[in-house]
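Q: Okay, here's the structure, questions in a sec.
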Amino acid sequence: MAATDGLKAGLDALPLLPANRAPLAPEYPWPDGNQAAMFLSFDVDAESAWTAKDPARYGELVTMSFGGYEARVGTPKLLEMLRQQALKATFFITGWSVEAHPAMCEAILRDGHEIGHHGFHHLMPQPGDPMLVEEVDRGLDTLKRRLGVVPKGYRAPSGEFCEELRVLLKARGLVYTSSFRDDVRPYRHLLADGTPGLVELPVTASYDDWLLGLSQRYSRHTLLTREQVLSLWTDELAELRDWGAMATTVLHPQCSGRPMRLRLLREFLEHARTYGDVWITTGEQIAAHFAACEAGG
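All the letters of the sequence shown, read from the start, carry residue numbers 1 to 297 under the UniProt record's numbering.
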């Protein structure tokens, strides 16, 4: 009975308001006559994807090898493919991955890709989390100290957010986040105190390869075939383009850096480029375009 009473009290206390009270995304035109945009982005978690919830897993060497694949094979192969495609992307990297795999991260930087903030230990941000500030600040310090990077963009580890994090990222001077899943165009966050927050470049859920059974250990998802994934991705892009909207990828080198998935990604990007009017670029470029349009009225 007490548990039921507690649930009712919690539900009764919920505001009768949207959790995200930002205004609707403005429909600014894309640059150079493009019909749509694609924010091409990768999450580089390495072993921190596996240790965030249980540090003891570091001793499970086969599990760790799934994350280690990123530095040994996945990221180098993705960088090679991006060079061949003459494309620039954004790589959101955990601070732990920078410390553990500096050569991998230096290669990303050397190829001219944007590097974004992805926490330090890949801990999921939660309201009231005592490690929230440390995760943000330690990640920022590592990117600056090891790579000379002051990131403009942030992607929340495990795709979660809270008001404390929105306020903290603004205070630390970041420009945009790419974590929410509630729109198909960029918009600006509205903080609880009514002041503007960061620009949001919303994630397109179907382009999160971790959810599609892509060669992951202990997967809850069936490993989908090339035809199934390519159909999802091309259909989504076709409709987003018709809407004049934006596709945002969340690709992981330990998933899409695997041979069968890298071939699929290459084919998808080649398909996207055949439209001739899909702007494939970094988060920094899209956020800058949004801010310029916003400032221009």
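The beta-carbon is built from N, C-alpha and C at its ideal position, and this holds for glycine as well.
Any C-beta of chain B sitting closer than 9 Å to the C-beta of SER48?
A: Chain labels in this structure do not include chain B; a single protein chain is all it has.
Q: Can you grab the Cα-Cα spacing for the pair ALA288 / PRO125, in whole Å?
A: Rounded to whole angstroms, ALA288 to PRO125 spans 26 Å at the Cα level.
Q: In this structure, does DSSP put ASP5 in helix, strand or coil?
A: Note: ASP5 maps to helix in three-state DSSP.
Q: Whose CA, out of SER206, LEU61, MET81 and PRO157, lies closest to the CA of LYS53?
A: Of the candidates SER206, LEU61, MET81 and PRO157, the one whose C-alpha sits nearest the C-alpha of LYS53 is PRO157.
Q: For TRP279, name the three-state secondary structure that DSSP assigns.
A: DSSP places TRP279 in strand when its eight states are reduced to three.
Q: Would you kindly work out how many angstroms separate the C-alpha atoms of ASP111 and GLN85, rounded to a whole number?
A: Looking at the two C-alpha atoms, the distance is approximately 13 Å.
Q: Quick one: is the Cβ of GLY33 within less than 8 Å of any heavy atom of the ligand COA?
A: Only the bare structure without any ligand can be found here, which leaves the ligand COA out of the picture.
Q: Quick check on the DSSP output: the beta strand (DSSP E) that includes MET246 runs from which residue to which?
A: Unbroken beta strand (DSSP E) run through MET246: 246–248.
Q: Less than 9 Å between the beta carbons of GLY139 and HIS118, yes or no?
A: The answer is yes: Cβ separation under 9 Å.
Q: Which one of ARG263, ARG258 and THR142 has the shortest CA to CA distance from GLU70?
A: Measuring from the Cα of GLU70, the nearest candidate turns out to be ARG258.
Q: Which residues share a DSSP beta bridge with SER41?
A: Its beta-bridge partners are THR90.
Q: Taking the C-alpha atoms as reference points, what is the distance between ALA247 and LEU190?
A: C-alpha separation (whole angstroms): 22 Å.
Q: With distance defined between alpha-carbon atoms, name the residue in PHE92, GLU135, GLY283 and PRO151 nearest to LEU165.
A: Of the listed residues, the one whose Cα sits closest to LEU165 is GLU135.
Q: Taking C-beta to C-beta, are LEU147 and VAL73 nearer than 9 Å?
A: Their beta carbons are not under 9 Å apart, which means LEU147 does not touch VAL73 by this criterion.
Q: Identify whether TYR154 lies in helix, strand or coil by the three-state DSSP scheme.
A: TYR154 falls in the strand class under three-state DSSP.
Q: Along the beta strand (DSSP E) that carries VAL149, what are the first and last residues, could you check?
A: Segment: none, VAL149 is in no beta strand (DSSP E) and carries neither H nor E.
Q: Output the boundary residues of the beta strand (DSSP E) element that contains GLY203.
A: Note that residue 203 is Val in the sequence shown here, rather than Gly. Looking at the DSSP string, VAL203 is not in any beta strand (DSSP E), and its letter there is neither H nor E.
Q: Kindly indicate which residue of GLY197, LEU198, VAL278 and PRO196 has the alpha-carbon position closest to the one of THR234.
A: Comparing Cα positions, the closest option is VAL278.
Q: Beta-carbon separation of TYR63 and TRP96 under 9 Å?
A: For the sequence presented, residue 63 should be read as Thr rather than Tyr. No, the Cβ-Cβ distance between THR63 and TRP96 is not below 9 Å.
Q: Check whether the Cβ atoms of LEU24 and ASP242 lie closer than 9 Å to each other.
A: Not in contact: LEU24 and ASP242 (Cβ atoms no closer than 9 Å).
Q: Which residues in the same chain have their Cβ closer than 6 Å to the Cβ of LYS152, if we skip the five residues on either side of it in sequence?
A: Excluding positions up to five away in sequence, the list reads VAL175 and GLU284.
Q: If the criterion is Cβ atoms closer than 9 Å, does the pair GLN254 and PHE66 meet it?
A: Yes, they are a contact pair.
Q: Between MET104, THR249, ARG21 and LEU232, which lies nearest to GLY194 when the distance is taken from Cα to Cα?
A: Answer by Cα proximity: ARG21.
Q: Taking C-beta to C-beta, are PHE120 and THR90 nearer than 9 Å?
A: Taking 9 Å as the Cβ cut-off, PHE120 and THR90 do not qualify as a contacting pair.
Q: Given this structure, state the Cα-to-Cα distance separating LEU17 from LEU82, to the nearest angstrom.
A: So the alpha carbons of these two residues sit roughly 43 Å apart.
Q: Would you list the one or two residues that DSSP bridges to ILE115?
A: Its beta-bridge partners are PHE91.
Q: Looking at the structure shown, is PRO253 part of a helix, part of a strand, or coil, going by DSSP?
A: PRO253: helix per DSSP, three-state reduction.
Q: Name the DSSP bridge partner or partners of THR234?
A: Per DSSP, none; premise fails for THR234.
Q: From GLY59 to HIS122, what distance separates their C-alpha atoms?
A: Looking at the two C-alpha atoms, the distance is approximately 18 Å.
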